[in-house]
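>
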Amino acid sequence: MKKFSRAAAKFQEYFTMILTIILPILIVIQVVLRYVFRAPLFGIEELMLFPIIWLYMIGGANASRTRSHIDCGILTLYIHEGTKGRAVFNVVRSLISIVVSLWLTYWAYWYFMYSLKTWKLSPLLKFPMFFAESAVLIGLILMTIYTGAELVDVFKASRETIRSKNKTITAVKEEVK
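Per the working numbering, the very first residue in the sequence shown carries number 7; after that it's consecutive.
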């Protein structure tokens, strides 16, 4: 499983890197054609939509994988690290994240099926919009998988924290007697 996880992570990183290279190239082509040759290439903005959506969704999946996504850090200011309260807070936070992620993935699946059924085309270039819209489902599936893995890790860490705190409390009670 770890081998697959590493391979998937490498693929995501390379895919993101390729998209990050493609976008500025398209922008430079558009600028050179428009301002140097006075001949705008129609449809390049539409063409850029596809790598932008993929970059956004795969970037979100990468943030979930590396656990560098935005979270509610303000709440943790009042709950000390290594306490039972912090352990419970982390589990609840991860549970809420997985529920929201599953809900969004459900709606992305519905949208994906709708996209397949209607087979919309982009206005100018007539590319199937399915290729851009499928990024939403794939990105959210990846985010859900990584959020699920985070929930498992947080749950294990929280159990350890609670066990160690219970042992400490028991030891203190024994000393007091």
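Backbone N, C-alpha and C define an ideal beta-carbon position, used for all residues, glycine too.
Go to Gly91, then tell me how far its alpha helix (DSSP H) extends in each direction, as first and last residue.
Note, Gly91: alpha helix (DSSP H), 90 to 124.
> Go through its chain and collect everything with a Cβ distance to Leu108's Cβ below 8 Å, but skip five positions before and after it.
Thr150
> Can you find at least 3 beta carbon pairs, one from the stretch 116 to 126 and one from the stretch 33 to 44, that sit closer than 8 Å?
no
> Going along the chain, which unbroken runs of the alpha helix (DSSP H) with 4 or more residues stay wholly within the stretch 27 to 81?
Every alpha helix (DSSP H) stretch that sits fully inside the stretch 27 to 81 and reaches 4 residues is listed by chain position as 50 to 72.
> Just grab the DSSP bridge partners of Pro4 for me.
This structure leaves residue 4 out entirely; the chain is present only between 7 and 183.
> So, for Ala45: in the same chain, excluding its five sequence neighbours on each side, which residues have a beta-carbon less than 6 Å away from its beta-carbon?
If you ignore the 5 residues before and after Ala45, its C-beta comes within less than 6 Å of the C-beta of Leu39, all in its own chain and listed in chain order.
> With DSSP collapsed to three states, give me the class of Leu83.
Looking at Leu83 - three-state DSSP - the assignment turns out to be coil, as it is neither helix nor strand.
> What is the rounded straight-line gap between the Cα of Arg92 and the Cα of Arg99?
10 Å
> Spatial neighbours of Leu157 within its chain, please: C-beta separation below 7 Å, excluding the five flanking residues on both sides.
Ser100, Leu101, Ile104
> Alpha carbon to alpha carbon, how far is Met63 from Ile144? Give it in angstroms, no decimals.
Ile144 and Met63 have their C-alpha atoms roughly 8 Å apart.
> Ser128 and Glu52 - do their beta-carbons sit closer together than 7 Å?
yes
> Would Ser74 and Tyr152 be called neighbours here (beta carbons separated by less than 7 Å)?
Contact flag unset, no.
> Taking just the CA atoms, how far does Ile147 sit from Ala114?
9 Å
> On the CB-based measure, 16 or more other CB atoms within 10 Å of its CB, does Val106 come out buried or exposed?
Counting Cβ neighbours within 10 Å, Val106 comes out exposed, since fewer than 16 surround it.
> Taking its Cβ as the centre, do 16 or more other Cβ atoms sit within 10 Å of Thr111, making it buried, or is it exposed?
By the 10 Å Cβ count, Thr111 comes out buried.
> For the candidate residues Phe95, Leu55, Ala141, whose alpha-carbon lies nearest to that of Phe161?
Of the residues Phe95, Leu55, Ala141, the one whose Cα lies closest to the Cα of Phe161 is Phe95.
> Would the beta-carbon of Asn68 fall within 7 Å of that of Gln18?
The Cβ-Cβ distance between Asn68 and Gln18 falls below 7 Å.
> Going by other Cβ atoms of all chains shown within 10 Å of its Cβ, with 16 needed for buried, is Thr34 buried or exposed?
Looking at the sequence itself, residue 34 is Val, so the reference to Thr does not match. So Val34 ends up on the exposed side.
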